[in-house]
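Asker:
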Amino acid sequence: MALPLKIRQPAKRSAARELLRNLINYKLLLALAIPGLLLIFMLNYVPMFGIVIAFEDFRAESGFLSPFIGLKNFELLFSSPVVGRLVANTIGLNALFITCETIVSVSIALIINEIGHRFLRRMYQSIMFLPFFMSWAVVSMLLFGWFDYEVGLLNTTLRSAGLERISFYDDPNIWPGILAFLRVWKSTGSGCILYLAVLVGIDPQLYEAAAIDGASRLQRIRQISLPLLVPTIILLTLLSIGRIFYGDYGMIYAIIGSSAALWPTTDVIDTYIIRALQSTTNFGMSTAVGLSQSVLGFICVFGSNWITKKWSQRRGEDYSLF
Amino acid sequence: MINRTLSDRIFSAFNYIVATLFTLICFIPFYTMVIASVTEKRALIRFGYQFWPSQFTLEAYQWVLRGQAVLTGYAVTVFVTLTGTLLSLTLMCALAYAMSNKKFKPRNPIAFYVYFTMIFSGGIIPWFITMRAVGLYDNIWALIVPMLMNPWWIFVLRNYFNNLPTEILESARIDGASDLQILTRIVLPLSTPVLATTALFVSVAYWNDWWHGVMLLDFADFRPLQVIILRIINNIRAIREAMSVPGSTITIDMSQIPALSIRMAIVVVTIGPIILVYPFVQRYFIHGLTLGAIKG
Amino acid sequence: MSRKITRRQMLYVIGMGTATGLVSACQSATPTMAPATQPPAATEAAGATEAPKATEAPQPTEAPKTGEPKVITYVDSAGFGSPPYRESQDPIAKALSEKMQSEGINLEFRVMLLDNPKEKYPILYASGTPFTWAFDAPWYFMNSLRDQGHLRPLETYMDQYPNIVKAISQDVIDFNYQLGHLYGLPTGFYVGGGASGVVYRKDLLDKYGMPEPKNLDDLELFLAEVQKTEKDMIPFGADDTFNVGYMSGPWRKWLPKKHGYNPGGAMVGGGIDDGLTNPPKYLGSEDLEGATVAYERARDWYEKGWVNKNVLQLKVEQTVEELFNPGKCAALAYNEAAMKAELTIQPGLQSFIPEGKAAGFAVEGPMEGATIQFSILKQWNFQVFNSHMPEEDTLAGLQFFNWLLGSQDNIDLYLFGIDGTNYKKLPDMKYADIEGVDGTTNYRRRWYVAGVPGQFERVPEQATENFMKTLAYITDLNNYMPNPLEKFEPERKVKEAELAQLTAASKEFSLPLAAGQVDVKEGMDKLTKALKDAKRDDVMAEFQTQLDKWIGDNKSEYEATLKKAQTKYEDWKNTKFAEYIKAHPEKAGTA
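Chains as they are written, first to last, in the working numbering: chain Z, 348 to 669; chain U, 10 to 305; chain D, 82 to 672.
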């Protein structure tokens, strides 16, 4: 269910006046849009000339007009013996992150929105926001401080209690889960704010009307709150899908680092490429990898945007990005 | 609420339990971090993370806050954050509003134009060349302008504007309001929650930004707070690295440097001001101006 | 990306170097001076202003001595031991400029500090940002920057700058041509790898009444005793760089018979089997002599419970020293352990355990005669000049170095700052820290990244006898064999993508092996398979072709050096090694 969106027929006016009005409005809208569009052009589109080096053998003397070498720079990623694993890990982890984060953020937003106690509501919300500010380096240090085999709090406790220690850093299969948990832990406080912003904007009369009709709180969530969150959920998911081929290097490098035993499930395109190119500075190759990640992500987002468009238009809405 | 049925009560209890549990999960690591930042360095290494500092000290904070540079760093960062947030919000709202207007024909191409920059980029060298060419180098604008337009928030704003009840906007239009009037008198007040959210995240992004300071400032005599702090970490790491490099004769006693707790103290120092400001912003998205308020 | 890699990379390269005997030499080189001997006379400063020999290149000293000084910019990649603060660096830059100008050289020295050099440094070239020179190295970005043409070849200018040539020495310069050109000023000092060693708890050793360990077999006795006696202690602490696999040298019955070498450090997952045989052959790492010894030892110690299980999780602020200092482990691998144990590690240990004492020894034991290695004249660190700048900018930069290396006073100012403010000058090329000066912000530049050969750097006053002895040994060419292949530099651009893939594959499977976490046979099979999948054998074949061609082109020089090396080896075998075997009969018949 969505808000009742009945578009009223505008009152009849003279055609000429209407046209003028539209033109003025249109101009105004253009005037509003143009400064931002120009900035985006300058900051983002102008530097895109650099994509050409993905197809070149970059040389100092000729710069961006270096010799064209076709797709040679793409070999680093696509002829790698582990390319299958890298792509699977990158997409798999990102899909896991997106799913978990969305579900938890939406649930927590709904839960906080249901909490009547003003002080508690604010406190919950503020505290959940704290992990957002902790850098992955610090998170990695704390994680090590608890789960490490030799000095971790958990294992030293187990050892002093005479129990078998747990070797967390040996089992690659548990780490996608741990990484997803960390992502959820770090992003829920900030992620749920967006959903809360939508929820507090909902007309309380809608709830009251439903309550009078005898709907339970759970039913009200299902019938009023959740549908209103759908556009935001879809938007944020679509925005994330565009970068689904980009691994979260900052997190994975900080948390996993050199623990090679965990790489089978956690090595993503970005960590692999940075490891492979650690002492070279071939910008052609790194641009080629980035371009591949972008193009693949773009295909995904184009597809999902099209599906969203078809699906939402059937319901008389448009949740698509463009 | 009117009738509190049993299921509502159970539901309510469930909410409190889940929220409390999740809050604890978020709080404990943060608390541990704060405690670690005030624990004596040797105690920290010997006993690991504790719930109460076995030996209390503020040495990590003395390290982070020493020197004049931190004060000027704060000033630079505050200026950049305020100016940047204000400009960014204005520009992004203007663009998002235009994109949300259903009569605006080029709205979809524009949305595509904006989204495209989220996925594709030219890479770091052409970006650096462009920034230098347009004068965003070695001056304060280099810290502000590159972060003004964030596609993510443009879409969030557009989406929110999109979902405002059309009937209100239409009735205003019928009353003869121009688009500008509709934007400033109706759309923006109705959008307080999302504006507050965007402002919060944009300002946090400015506050936490070290990348532009590191990339675009070379000979300028000011640095934002984050860069000054980054240097402290770099410095310690550099000494540690230099120590184990062949040929090194470093005589600095590394054990005198609270390297672990400095990392923790840095987080506390940088988010301190945000935590102070946060409650004031929070009321806008916790108890935002609601539709009812406007209508009434 | 973490700067950790930088150090790791450097240590990795050096560790690999000693592990496979990746060291090299040339008989024709003059021995590099040990410190405290023959600093250039201060009077030589005058030499800096003498007109260099006339050549077709513009003469730097003809620059006008009045008017605005020419600004030269040095890119300081913060992260190698100089404080990243303007307040620390500017006064010294000013002092250097003033001293230079008062001596008639109209240059202004300026430092560009990079806060994230790993990302920004290479961008400076490609974006055309103006600067004169920077620190770089083959283990850093030098090879690919060179291949892309960002570095200016310097060979045609060298004869105009006598002080540079004199300080670095003509021989070191000759050995550092890459693909026909001199792409930077090499920073030389050590001629042999004394890198891998062990630091251990001397106080515990004394408590057990054990003799000082000289090799890994002695160390094993100590580790076993620690395991038996100290309940809460890990005998041997290791991290992803300083681990059991990092150490090379005699262990049980193994004494190296061959002298492996990896020219230019270019090959990944293989190397030349024996630099003393003709013709030399590239082999995969699994076929190299002693390839698995270090892994077997790592596995053995790991299974005995002598090594911490979190070897690969130790990083950032949690390195192995965090285990050693608070007394959680009793020994660890370290480079130049004998030197550094007392100088840099002991203070940290004593801050936790006041009665703790750290001592170290070089495990491979070249000083004891157990092994002999190739000498190294090919340097790891360089000062490189930006080819995007006009030629006169590079000449001005070289003129700076010519001035700098002309007098010990200049070098002291450049490396240590102002006497009395930043350090205290002592006789015999020593220095002292000034009480109350914060070491972390105090100006200091390290010779190995500053373009100053190590013999011109003062030694700390607390340097021990042990330190000086080791230093003297590893800077004396007579202790090493000349390396007939050292001048060969493989061209890697043709196999760039393959080498990058090999690097990634090698890291993944060699780290757990070096940590002892996997069965050696199984781990080696996996490593070999991953390397083969990444087209290791293609790359090896390419390098072999290049090597064969190089030997064909340089036949007489190669054969002459090879002869010298073989003679040196026979000499060593009949004298030092014979003595070693007499003292260690249990090792007989293995070398």
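C-beta atoms are modelled at their ideal positions from N, C-alpha and C, and glycine is treated no differently.
Restricting to runs no shorter than 4 residues, where is the alpha helix (DSSP H) found entirely within the region 511-585 of chain Z?
Answerer: List check, alpha helix (DSSP H) in window: 522-547, 551-559, 564-567.
Asker: Which residue from P150/D, M193/D, Y166/D, N257/D puts its Cα closest to that of I457/D?
Answerer: Among P150/D, M193/D, Y166/D, N257/D, the Cα nearest to that of I457/D is on N257/D.
Asker: Comparing alpha-carbon positions, which option in A378/Z, F515/Z, M598/Z lies nearest A608/Z?
Answerer: When each option's Cα is compared against that of A608/Z, the closest is F515/Z.
Asker: Whose C-beta lies closer than 7 Å to the C-beta of Y106/U among residues of the same chain, with five residues either side of it excluded?
Answerer: Answer for Y106/U: F170, L192, V196, listed in chain order.
Asker: Please report how far the alpha carbon of P508/D lies from the alpha carbon of F270/D, in whole angstroms.
Answerer: Cα to Cα, the separation comes out at about 21 Å.
Asker: Leaving out five residues before and five after W61/U in sequence, what residues of the same chain have Cβ atoms less than 8 Å from its Cβ?
Answerer: Cβ within range, chain order: I44.
Asker: Please confirm if G676/D has its CB atom under 8 Å from at least one CB of chain U.
Answerer: Given a span of 82 to 672 for chain D in the structure shown, any question on residue 676/D remains unanswerable.
Asker: Quick check on the burial criterion: 16 or more other C-beta atoms within 10 angstroms. Buried or exposed for K320/D?
Answerer: Going by the sequence as given, residue 320/D is Asp instead of Lys. That one is buried.
Asker: Would you kindly check if the distance between the Cβ of P160/U and the Cβ of T126/U is under 8 Å?
Answerer: Yes, the pair counts as a contact, with Cβ atoms nearer than the cut-off.
Asker: Pick out the complete alpha helix (DSSP H) segments inside the region 593-667 of chain D, 4 residues or longer, and give them in chain order.
Answerer: Taking only runs of at least 4 residues, the alpha helix (DSSP H) segments lying wholly in the region 593-667 of chain D are 601-614, 617-634, 636-655, 657-664.
Asker: If I measure Cβ to Cβ from D404/Z and keep anything under 6 Å in the same chain, skipping five residues before and after, which residues do I get?
Answerer: Cβ neighbours of D404/Z beyond the five flanking positions: S413, P414, I416.
Asker: With 8 Å as the C-beta to C-beta threshold (strictly closer), list the residues of the region 603-615 of chain D near chain Z in chain order.
Answerer: If the cut-off is 8 Å between Cβ atoms, the region 603-615 of chain D has A611, D614, A615 near chain Z.
Asker: Using a Cβ-Cβ cutoff of less than 8 Å, which residues in the same chain neighbour N460/Z once the five nearest sequence positions on both sides are dropped?
Answerer: Excluding residues within five positions, the ones whose Cβ falls inside 8 Å are L543, L546, V547, S572.
Asker: Give me the chain D residues within the contact set of N629/Z, using Cβ-Cβ distance strictly less than 7 Å, ordered along the chain.
Answerer: Within chain D, the residues near N629/Z are S225, E577.
Asker: Which whole-angstrom value describes the C-beta separation of P155/U and L390/Z, a residue pair presumed to lie in contact below a C-beta threshold of 8 Å?
Answerer: With a Cβ gap of about 6 Å, P155/U and L390/Z count as contacting.
Asker: My output table needs one value for I254/D: the three-state DSSP class, helix, strand or coil.
Answerer: Looking at I254/D - three-state DSSP - the assignment turns out to be helix.
Asker: Which partner residues of I271/U appear in the DSSP bridge assignment?
Answerer: Its beta-bridge partners do not exist; DSSP assigns none.
Asker: I'd like to know whether the C-beta atoms of F317/D and A412/D end up nearer to each other than 8 Å.
Answerer: In contact: F317/D and A412/D (Cβ atoms closer than 8 Å).
Asker: Reducing DSSP to helix, strand and coil, say where F669/Z ends up.
Answerer: It is coil, neither helix nor strand.
Asker: What are the residues of the region 293-320 of chain D that lie near chain Z, defined by any Cβ-Cβ distance shorter than 8 Å?
Answerer: Against chain Z - using a Cβ distance shorter than 8 Å - the residues of the region 293-320 of chain D are I315.
Asker: Helix or strand or just coil, what does DSSP make of S225/D?
Answerer: In this structure, S225/D counts as helix in the three-state DSSP scheme.
Asker: Helix, strand or coil: how does DSSP classify Y619/Z here?
Answerer: Three-state DSSP puts Y619/Z in a helix.
Asker: Along the chain, where does the alpha helix (DSSP H) containing P135/U start, and where does it finish?
Answerer: Note, P135/U: alpha helix (DSSP H), 133-142.
Asker: Please determine if the region 430-439 of chain Z and the region 581-590 of chain D are in contact, where contact requires at least 3 C-beta pairs separated by less than 8 Å.
Answerer: Taking 8 Å as the limit for Cβ pairs, the verdict is that the region 581-590 of chain D does not touch the region 430-439 of chain Z.
Asker: Taking 8 Å as the cut-off, does the region 364-381 of chain D touch the region 347-354 of chain D (at least 3 CB pairs, one atom from each stretch)?
Answerer: With the cut-off at 8 Å, the region 347-354 of chain D and the region 364-381 of chain D touch.
Asker: I think G162/D touches R527/D, with their Cβ atoms under 8 Å apart; what is that distance to the nearest whole Å?
Answerer: G162/D to R527/D, Cβ: 4 Å. Contact.
Asker: Any beta carbon from chain D within less than 8 Å of F137/U's own beta carbon?
Answerer: Yes, F137/U lies at the interface with chain D (some Cβ there is under 8 Å from its Cβ).
Asker: If you follow the beta strand (DSSP E) that W387/D is part of, which residue opens it and which one closes it?
Answerer: Taken as a continuous stretch (DSSP letters only), W387/D belongs to no beta strand (DSSP E), as it is neither H nor E.
Asker: Using DSSP with H/G/I as helix, E/B as strand and the rest coil, what is I459/Z?
Answerer: Correct three-state label for I459/Z: helix.
Asker: For T111/D, does the count of other Cβ atoms within 10 angstroms reach 16, so buried, or fall short, so exposed?
Answerer: Confidence is the limiting factor: at T111/D the pLDDT is only 30, short of 50, which leaves the residue's position unreliable, though a coordinate-based value still follows. T111/D comes out exposed.
Asker: Which parts of the region 498-574 of chain D are runs of the alpha helix (DSSP H), unbroken and 4 residues or longer, counting only runs that do not cross its ends?
Answerer: For the region 498-574 of chain D, whole alpha helix (DSSP H) runs of length 4 or above, ordered along the chain, are 528-531, 546-555.
Asker: Just the chain Z side, please: which residues come within less than 8 Å of P225/U by C-beta, in chain order?
Answerer: Before going on, a small fix: residue 225/U reads as Leu here, not Pro. Near L225/U there are no residues of chain Z at all, since even the closest Cβ is about 12 Å away, more than 8 Å.
Asker: Looking at the structure shown, is Q480/D part of a helix, part of a strand, or coil, going by DSSP?
Answerer: Helix at Q480/D.
Asker: DSSP on V279/D, reduced to helix/strand/coil?
Answerer: Strand, per DSSP.
Asker: So the beta strand (DSSP E) I195/U belongs to, where does it begin and stop?
Answerer: First-last for I195/U: undefined, no H or E at that position.
Asker: Considering only the alpha carbon of each residue, which of F463/D, A596/D, E660/D, P471/D lies closest to N391/D?
Answerer: Checked all of F463/D, A596/D, E660/D, P471/D; the closest Cα to N391/D is A596/D.
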